[in-house]
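Each residue of the sequence shown is one higher than the last, beginning at 7 in the working numbering.
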Amino acid sequence: MNGSDAGIDEIGAAKLLTPEVTKQALGIVKTGKIYSLGQILEAGIPQLPHHPPFVRTPYNTPYQSQQRWRERGVKNEPGPAAERLEINTHTGTHIDAIGHWSNCNRTYCGLDARENFTEKGLAHFGLEHVPPIVTRGVLLDIAALRGVEMLERGAVITAQDLQVSLDRNGLSLRRGDVALIRTGWSNLWARRDPRYCAGEPGPGRDASVWLADQGIVALGADTMAVDVDPPEDPAYPRIGHQILLVERGVHLIENMNLEELARDRVCEFLFILLAPKLKGGTAFPVQPVAIA
């Protein structure tokens, strides 16, 4: 396959991010308060058991730098520091490229997944195709809706839950929106509680289909994988990944921190996410923000 193949929709639902959508989203800002929606990236953060750990290796210390500069005869002794990182690209708060997932060896647009994922990464639907996401964001606080601090492991969020959450706040989803689901699960992240990686609450099949039908460009959540786990049907794990990424081209944003938004009861905001242009990348850590 050739990355320049004509007729292949490389960006999926993100094509709904028109100038008009962005212009309308900019008009939402009232207070100007900025909310960081990403988790701190550091060693020891929760990781799925089959994922490699986060490793940081210093390779340029201030002392080493000063020595090199002295050898060049400089007098002000500059001392830059640098490090090397080894991470799984699905580490911390990250966005999934639509080529990350497949269904019966078929990707978005029906390509053969085994051919699409190469030693150089994804031939199609890689991270380099994710446009700047500057659009309206909507918080769906399902933990608050159910009157709990945190939903239980395996708790299924339904399309009805999402609609009721919107109705209570006088909102609706629009084409081009980013929807963020709060379950309260990130409280476990903050405590490094091993339960964070041992299942999670999340949207079920009907909720995933319903969200895609609203025309969202991305779905984020404060959980490891967005999808409910254990799944509704044990024979169909991560069904939301298949529906949203593979069938509808909707990005997923995982391991988000939505607590401050929830505390301030901010349910509508300007959402901004800039993904690094990692060619062929299946995902990468990001730092999304909301501006109220």
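Note that CB positions come from ideal geometry on N, CA and C, so glycine has one too.
These numbers were taken from a predicted model, which means no experiment stands behind them.
Asked                                                                                                                                                                                : Found
Between Asp239, Pro68, Glu125 and Thr95, which lies nearest to Leu54 when the distance is taken from Cα to Cα?                                                                       : Thr95
What are the boundary residues of the alpha helix (DSSP H) that includes Leu168?                                                                                                     : Ala165 to Arg174
Going along the chain, which residues of its own chain have a beta-carbon closer than 6 Å to the beta-carbon of Val61, five neighbours each way excluded?                            : Glu92
Less than 8 Å between the C-beta atoms of Ala218 and Leu250, yes or no?                                                                                                              : yes
Note down the Cα distance separating Lys126 from Ala204, rounded to an integer number of angstroms.                                                                                  : 31 Å
Which residues share a DSSP beta bridge with Asp147?                                                                                                                                 : Arg188
Here's the rule I'm using: 16 or more other beta-carbon atoms within 10 Å means buried, otherwise exposed. How should Ile278 be labelled?                                            : buried
Roughly how far, in whole angstroms, is the beta-carbon of Gly255 from the beta-carbon of Ile104, given that I think they are within contact range, below 8 Å?                       : 5 Å
With a Cβ-Cβ cutoff of 8 Å, do Ser71 and Pro84 count as a contact?                                                                                                                   : yes
Consult DSSP for Thr28 and reduce its assignment to one of helix, strand or coil.                                                                                                    : helix
With H, G and I counted as helix, E and B as strand and the rest as coil, what does DSSP make of Gly105?                                                                             : helix
Ends of the alpha helix (DSSP H) at Ser214?                                                                                                                                          : Arg211 to Asp219
Exposed or buried, what is Glu260 when buried is set at 16 or more other beta-carbons lying within 10 Å of its beta-carbon?                                                          : buried
What is the residue span of the beta strand (DSSP E) that Leu267 lies within?                                                                                                        : Where Leu267 is concerned, there is no enclosing beta strand (DSSP E), although the alpha helix (DSSP H) it sits in stretches over Glu265 to Arg269.
Could you check which residue in Arg174, Leu128, Val295 and Gly208 has the C-alpha nearest to that of Leu280?                                                                        : Val295
Measure the alpha-carbon distance for His257 versus Leu225 and round it to whole angstroms.                                                                                          : 6 Å
Under a Cβ-count criterion, where at least 16 other Cβ atoms within 10 Å of its own Cβ denotes burial, should Arg188 be classed as buried or exposed?                                : buried
Tell me the residue span of the beta strand (DSSP E) that contains Arg62.                                                                                                            : Val61 to Asn66
Is there contact between the segment 134-144 and the segment 15-25, where contact requires at least three CB pairs shorter than 8 Å?                                                 : yes
Candidates His247, Pro25, Arg271 and Ala129: which alpha carbon is nearest Asp102's?                                                                                                 : His247
Might you give, ordered along the chain, the residues of its own chain that have their beta carbon closer than 6 Å to the beta carbon of Pro282, omitting 5 neighbours on each side? : Phe290
Decide if Asp239 is buried, meaning its Cβ has at least 16 other Cβ atoms within 10 Å, or exposed.                                                                                   : exposed
Whose CA, out of Tyr69, Asp199, Leu194 and Gln169, lies closest to the CA of Leu145?                                                                                                 : Gln169
Taking 8 Å as the threshold (C-beta atoms), are Glu206 and Met230 in contact?                                                                                                        : yes
Could you check where the alpha helix (DSSP H) with Arg120 kicks off and where it finishes?                                                                                          : Ala119 to Asn122
Quick check on DSSP: helix, strand or coil for His247?                                                                                                                               : helix
What is the residue span of the beta strand (DSSP E) that His130 lies within?                                                                                                        : No beta strand (DSSP E) holds His130; DSSP gives it neither H nor E.
Grouping DSSP H, G and I as helix and E and B as strand, with all else coil, what is Gly226?                                                                                         : strand
Just mark Asn263 as buried or exposed, buried being the case when its beta carbon has 16 or more other beta carbons within 10 Å.                                                     : buried
Nearest to Glu155 by alpha carbon, out of Pro64, Leu117, Ala268 and Asn111?                                                                                                          : Ala268
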